[in-house]
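Counting with this note's numbering, you get residues 1 to 163 for the letters of the sequence shown.
For reference, the structure discussed in these notes is given below.
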Amino acid sequence: MTILAQGEYTAKDLRRGTVFAAKRIWIGIGLFYGLFVAIICFGSISSGHTWMDQLPTLGGVIAVIAFVTASVWYRVGRNLRKSPALKGVIHFEFDEMGFRITGPYTATDWKWAALLKWRANKTTLLLYPNPRLAHVVPKRFFGSEQDVAAVEELLLRNVGKKK
1 MTILAQGEYT AKDLRRGTVF AAKRIWIGIG LFYGLFVAII CFGSISSGHT WMDQLPTLGG
61 VIAVIAFVTA SVWYRVGRNL RKSPALKGVI HFEFDEMGFR ITGPYTATDW KWAALLKWRA
121 NKTTLLLYPN PRLAHVVPKR FFGSEQDVAA VEELLLRNVG KKK
């Protein structure tokens, strides 16, 4: 049985995939900056100042977070505009042997044994043939929820638990 999924990538699809793939990194950055802000506030209080005295520093932290977020949005949009492999209708075919990706400028076959792991959330399926590279498959590309469930079952059976 072959399960088909197809569609054209949007910037929103790629942003969701990028943020989902880097979720642990985003959480780590958030915790680091939260700790940094707490240290600044505690340091200013213990030195007799108010946290309001640290507004320039806090503004700098917020500016860095905004810059990192904006750079991710920019890079995703740039990749979508510049990469021929992301243009046009992309087709995914999943079966017992593995999956195939075809598009106007690309065609590739992957056996299930080539995947290291997979992850899924409510909008995106990530397939990892490499620890740092994931194929982003928006769930909206599938014809139905049953198709998504069938592909997740194939992944569970052939690759293992999602991570």
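Ideal Cβ placement from N, Cα and C applies to all residues, glycine included.
Three-state class that DSSP yields for residue i in the structure shown
i	result
residue 121	coil
residue 159	coil
Rounded distance between the beta-carbons of residue j and residue i, thought under 8 angstroms
i	j	result
residue 128	residue 139	17 angstroms between Cβ atoms; not a contact.
residue 9	residue 133	16 angstroms between Cβ atoms; not a contact.
residue 68	residue 36	Between residue 36 and residue 68 the Cβ distance is about 14 angstroms, and since that is not below 8 angstroms, they are no contact.
Cβ-based neighbour list, residue i, same chain, cut-off 6 angstroms, excluding 5 preceding and 5 following
i	result
residue 95	2
residue 71	none
One or two residues paired with residue i in a DSSP bridge
i	result
residue 98	111
residue 7	90
Close Cβ partners of residue i (< 8 angstroms) along its chain, the five nearest in sequence each way excluded
i	result
residue 6	89, 90, 91, 92 and 141
Contacting residues, own chain, Cβ-Cβ under 7 angstroms from residue i (five flanking each side not counted)
i	result
residue 115	127, 128, 129 and 159
residue 11	76, 77 and 80
(message) What ranges does the beta strand (DSSP E) occupy inside the stretch 9–96, keeping only unbroken runs of at least 3 residues that lie completely in it?
(response) 89–94
(message) If we require 3 or more residues per run, which beta strand (DSSP E) segments fall completely within the stretch 102–147?
(response) 106–111, 117–120, 124–130 and 133–138
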